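Structure record follows, encoded as structure tokens.
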Amino acid sequence: MDNTSITIAKIKLSDEPNFYKDYICKVVPVVITDLYQGQAIRDIRCKQDVIHNWGDIAIPVQDEYVQAYEQAATIPGPEEEQDPAPAVAETHRTMTIRDYYEFCASHSGVKKMCIEFTTPAQIKSCYSIPDICQHQPRESKTRIQQCFVGNKGNVANIHFDKGGHNGFLYQIFGKKRFVVFPHSAAKKLLPFTQMSGWKLQHFSDRERRDFLHFTGGQEVVLDAGDAIFVPAFCWHFADYLEDSMAIRIRFRRPGHSTELLNYLFPDMFTQGIIHKLADPALATTLYPSIISRILQCSSRRYLNGKQRVMALRLLAKEIYYELYPEEPMHSYSLDLENYLPPLLPHFLDADHRARPYYE
Ligand SMILES: O=C(O)CCC(=O)C(=O)O
Ligand SMILES: [Fe+2]
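As structure tokens, then:
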């Protein structure tokens, strides 16, 4: 079997005047080789450069994602169920980037990372925001800039980000395997809210390749200077093949996604609806009827916020199957939600005080 279909394409952003139409609207992940061309950030290409330029920056270091999740996960009793899953914040420890890499070098096998910390001004001053990231009318004004620092062996399990932004992940240094999946793969991914149950890092190369053929996934090994465009609500996975650092920009959530996110639960059905609406032509015709059904469902009287969420989730499922009539109804795996404590309890109650409001 050849590998071409499982390799993510590479482009130069400067060659793509229609990036919005061809990639953002079509939900097409792609590797960009010239992001921040001519800017200072592209001169920082290895760990020594990072330590030389930004070594004194303090970062909140935590255990590797899965380890952190596993530590945080307890079977909630009725009391705890009222609260969002405990943030992993207790396990955070502040250290400088220099100390962090020294710590990793002197503790072999340790997996520590620092994810999604707000990009410090010193790093922001090394690049400017690409024009394509500027929000347009009817798009959310929120734009998030974050850094990811991690040593070899860290992994971001297969997931999609429920914030619903499009984004670029720019690899400053270090090799990172990045895998993306279409929403049509969702049922094959052992989905549990916006997470997948698979640990792709433990697949052999051959097993991973077969899995990508099974699911329609694609992969690339990012290296210094590569960026990947991760479309909104796209499933993705990252495997730190080497110590590395990356910066992320999340941008341009369409107005209709914002509205839907304020009603719906972050699962594969919401993902599928939002992906269908990524094409503005379809969004114009489909969205008004979808949102009016959702508003109607939401404004009915319910005993409590949990009942409301339950009704909205059923409706989202119904709308999903109308939008994807070709998709079989059956699942490839057990529905983990029926067996495990909820991963996002605050999203299961429309009135929960910790439920985020999207703007
Ligand atoms: O590179 C990583 O650690 C994970 C990237 C990721 O999940 C993201 O940027 O949303
Ligand atoms: Fe992510």
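So for the sequence shown, numbering that gives the first Met the number 0 puts the first residue at 0; every next one is plus one.
Beta carbons are placed, not taken as given, at the ideal position from N, Cα and C, and that holds for glycine.
In this text the structure is predicted, and so the values were computed from the model without any measurement.
- For ligand 2, a non-hydrogen atom lies closer than 7 Å to the CB of Ala155.
- Not a single heavy atom of ligand 2 lies less than 7 Å from the C-beta of Asp266.
- For Ala231, there is no enclosing beta strand (DSSP E), as DSSP marks it with neither H nor E.
- In the DSSP annotation of this structure, the continuous segment of the alpha helix (DSSP H) that includes Ala310 starts and ends at 304 to 322.
- DSSP places Glu325 outside any beta strand (DSSP E), giving it a letter other than H or E.
- Residue pairing by DSSP places Leu168 opposite Ile227, Arg247 in a beta bridge.
- By alpha-carbon distance to Lys175, the top candidate from Lys187, Phe191, Met112, Tyr239 is Tyr239.
- Distances taken from the Cβ of Leu168 to the heavy atoms of ligand 1 include one shorter than 7 Å.
- Distance check between Gly152 and each of Ala120, Asp62, Asn303, Asn165 places Asp62 closest, using alpha-carbon atoms only.
- In this structure, Phe232 places its C-beta atom within 8 Å of the C-beta atom of His274.
- In this structure Arg307 is buried. Its beta-carbon is surrounded by 16 or more other beta-carbon atoms within 10 angstroms.
- The beta carbon of Lys111 lies closer than 6 Å to those of Val60 in the same chain, with the five residues before and after it left out.
- Within the same chain, Arg97 come within 6 Å of Ile50 by CB-CB distance, once the 5 residues on both sides are set aside.
- When the Cα atoms are used, Thr141 and Ile248 turn out to be separated by approximately 11 Å.
- Counting of Cβ neighbours within 10 angstroms places Met244 among the buried residues, the total reaching 16 or more.
- For His235, the shortest separation between its Cβ and any heavy atom of ligand 1 lies below 7 Å.
- With contacts defined by Cβ atoms closer than 8 Å, Cys45 and Ala223 form a contacting pair.
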